[in-house]
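Numbering (full-length UniProt numbering), first residue to last: 1 to 285. We treat Cβ as the ideally placed atom computed from N, Cα and C, and that holds for glycine. In what follows, a single structure is set out as structure tokens and then discussed.
Printed below as a string of structure tokens:
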């Protein structure tokens, strides 16, 4: 079952004096590109959070955010009284002013407020960690749902390519006959007598150069292998990308050998379907 790299998950944790919101968003990327945003008090857990996310999401451009909202009487910021008093005294030496106005000015200066950093409570962190895991499960479910939509689209486009390949096979004898007729006309225009045996030998050689039997077989096998890989237990976008490249190689070779407008038209349609598959493959985990 394939998974998309696009996903979103959110969880909200309510504590007695605070509310914590957890959000994880992901988009497509060749590797894991993880960005984290959180209050400084939780920075000591950043490495652990990164490892946790990497073990679940593997690949993609991932944004993790932890938002903290104080809902009760809790604050880690304190007025640095000695510093504020010093600032006020210095201001009095410069200008005469009301004490309230001087205080308003003093608290804006550096170090007027001090922040006491408390250790993270073990029970609180356990709940946050469980919340992150729950959010990761939500984003994985989102990715699976997106993957199902991608799989449906892939199947449709692969079937379209297979139908076009059947059309190529159907008109191939007509193409060969067209090549033979063109050669005959070319010789007739030269108004020269040719050795029939030599002509047949050259014709066979010419037709063999434009034979697409092997390409038709390989293309059909690649299409079947792509479908089989879609239904594998793991999502492997890189593997599907390699198979897509092989499909493109066979389609291009058929196009270069076609030398027949109706067949080249079918090849263009196959390329169009394949390009749409490649675009979607960029988003497969």
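Residue i - DSSP class collapsed to helix/strand/coil
i, result
"residue 109", "coil"
Contact under 8 Å by Cβ, residue i with residue j
i, j, result
"residue 147", "residue 26", "no"
"residue 50", "residue 29", "no"
"residue 274", "residue 247", "yes"
"residue 161", "residue 223", "yes"
"residue 238", "residue 229", "no"
"residue 13", "residue 120", "no"
"residue 250", "residue 219", "yes"
"residue 20", "residue 68", "yes"
"residue 179", "residue 266", "no"
"residue 87", "residue 99", "no"
"residue 7", "residue 139", "yes"
"residue 254", "residue 215", "yes"
"residue 244", "residue 212", "no"
"residue 112", "residue 95", "no"
Run through the UniProt domain "Endoribonuclease YicC-like C-terminal" (171-284) for me and flag every whole beta strand (DSSP E) of 3 or more residues, listed as ranges in chain order. none
Extract the residue ranges of the alpha helix (DSSP H) inside the UniProt domain "Endoribonuclease YicC-like N-terminal" (2-151), only unbroken runs of 4 or more that lie entirely within it. 46-57, 81-94 and 99-106
For the segment 151-161 and the segment 34-49, state whether three or more C-beta atom pairs, one from each stretch, are separated by less than 8 Å. no
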